[in-house]
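Numbering (UniProt numbering), first residue to last: 1 to 248. The C-beta atom is built at its ideal place from N, Cα and C for all residues, glycine as well. Below: the structure, in structure tokens.
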Amino acid sequence: MDISERFWSVPLDELKRGYVEEKQHFLCLLCGTKVEKGVIYPEEETLYEAERYMQLHIGKSHESVFDYIIDMDKKLTGLTDHQNKLMRLFYEGKNDKEVQEEMGIGSASTIRNHRFVLKEKERQAKMFLVLMELLKEKDAHAPSLVPPHQKAKMIDNRYDVTEEEQAKTIAKFMPDGVLLAFPPKEKQRLIVMRKISKKFSVGQTYNEKEVNEIISAIFDDYVKVRRYLIEYGFLKRKPDGSAYWMNE
């Protein structure tokens, strides 16, 4: 199970925390970083045991779980741009009057109404989760879907991929880990880009030459593949192309 699958499948309390405890290590659900148990980690002249160091990692690498999730595509969070902005300000500790002034809308009572709408959305989300859990117990025909990666862009029917479709696409286009031909369909391209992205390590920065070398070992047209890795949100880069990294 890759990090995206873990991210979408863990219980709410573990997702809220941002990491899970496994037998030998703690695993960051946001980027896949592992912190080995039984090791003392130094950071700015302070020593941290493994779990505390994982908490420190989340703060340093992702600011917070809230910041990470609120930056995800709105089709993944279900928030409108307006609701996203409101939640950011609420999280910063702003009161209703401060939020109203900063956003330049309505009045303080208008902001209170927005709070009510968000609470209503929370109640609806809880009921939906319960319904889906009950549905799983009865729906024997539901296909096993591959969850989108957390930083996916342009969420649409391209991401409607079953595990069977993914396996068939990889067997057809990358049977030995080398891309035989560039897939003609968008959904196939997404599946292949997800596979190729596994060649890059989270937390590591690459220059353009290194990126090209990694991709060239898989497919000759490295420029095309590199462009799609960025377009689908697997890789990020500096505007001048001097550095590339996995989109955490």
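Which runs of the beta strand (DSSP E), 3 residues or longer, sit entirely within the UniProt domain "DUF2087" (179-245)?
Within the UniProt domain "DUF2087" (179-245), the complete beta strand (DSSP E) segments at least 3 residues long are 235-237, listed from N- to C-terminus.
Going by DSSP, which residues form a beta bridge with Y48?
According to DSSP, which records beta bridges pairwise, Y48 is partnered with Y41.
Give the straight-line distance between the Cα atoms of H82 and L89, rounded to the nearest whole angstrom.
Roughly 11 angstroms between the two C-alpha positions.
Going by DSSP in three states, H82 sits in which element: helix, strand or coil?
Helix.
Can at least three beta-carbon pairs, one atom from the region 16-28 and one from the region 56-73, be found at a separation below 8 angstroms?
Remark: three or more beta-carbon pairs, one from each stretch, lie closer than 8 angstroms, so the region 16-28 and the region 56-73 are flagged as touching.
Is the distance from the Cβ of I191 to the Cβ of L229 below 8 angstroms?
Judged by their CB atoms, I191 and L229 are not nearer to each other than the 8 angstroms cut-off.
Secondary structure at E36, three-state DSSP: helix, strand or coil?
Strand.
Please classify H141: does DSSP put it in a helix, a strand, or coil?
H141 falls in the coil class under three-state DSSP.
Would V211 pass as a contact of Y244 if the rule is Cβ separation under 8 angstroms?
Going by C-beta atoms, V211 is nearer than 8 angstroms to Y244.
Grab me the residues of K153's own chain with a C-beta within less than 8 angstroms of its C-beta, minus the 5 sequence neighbours each way, in chain order.
If you ignore the 5 residues before and after K153, its C-beta comes within less than 8 angstroms of the C-beta of D73, E231, Y232 and G233, all in its own chain and listed in chain order.
Applying the 10 Å Cβ sphere with the 16-neighbour rule, what's the burial state of L47?
Per the 10 Å Cβ criterion, exposed.
Using 8 angstroms as the Cβ pair cut-off and three pairs as the minimum, do the region 172-186 and the region 211-223 touch?
Cβ pair count under 8 angstroms is three or more, so yes.
S4 vs H149 beta-carbon contact at 8 angstroms:
Cβ atoms of S4 and H149: closer than 8 angstroms.
Tell me which residue opens and which closes the beta strand (DSSP E) that V20 is part of.
That run of the beta strand (DSSP E) goes Y19 to E21.
Does the beta-carbon distance from F200 to Q188 come in below 8 angstroms?
It is not a contact, given that the beta carbons lie outside the stated cut-off.
With H, G and I counted as helix, E and B as strand and the rest as coil, what does DSSP make of L135?
Note: L135 maps to helix in three-state DSSP.
Roughly how many angstroms separate the alpha carbons of E213 and K224, rounded to a whole number?
Near 13 angstroms, if we compare the C-alpha coordinates of K224 and E213.
Counting only the same chain and skipping the five closest in sequence on each side, list residues whose C-beta sits under 7 angstroms from that of G32.
Closer than 7 angstroms at the Cβ level, and outside the excluded window around G32, lie I3 and V202.
Does L15 come out as helix, strand or coil in the three-state DSSP assignment?
L15 carries a helical assignment under DSSP once its states are collapsed to helix, strand and coil.
Should E39 be labelled buried (16 or more other beta-carbon atoms within 10 Å of its own) or exposed?
Looking at the sequence provided, one finds Val at residue 39 rather than Glu. Around the CB of V39, fewer than 16 other CB atoms lie within 10 Å, so the residue is classed as exposed.
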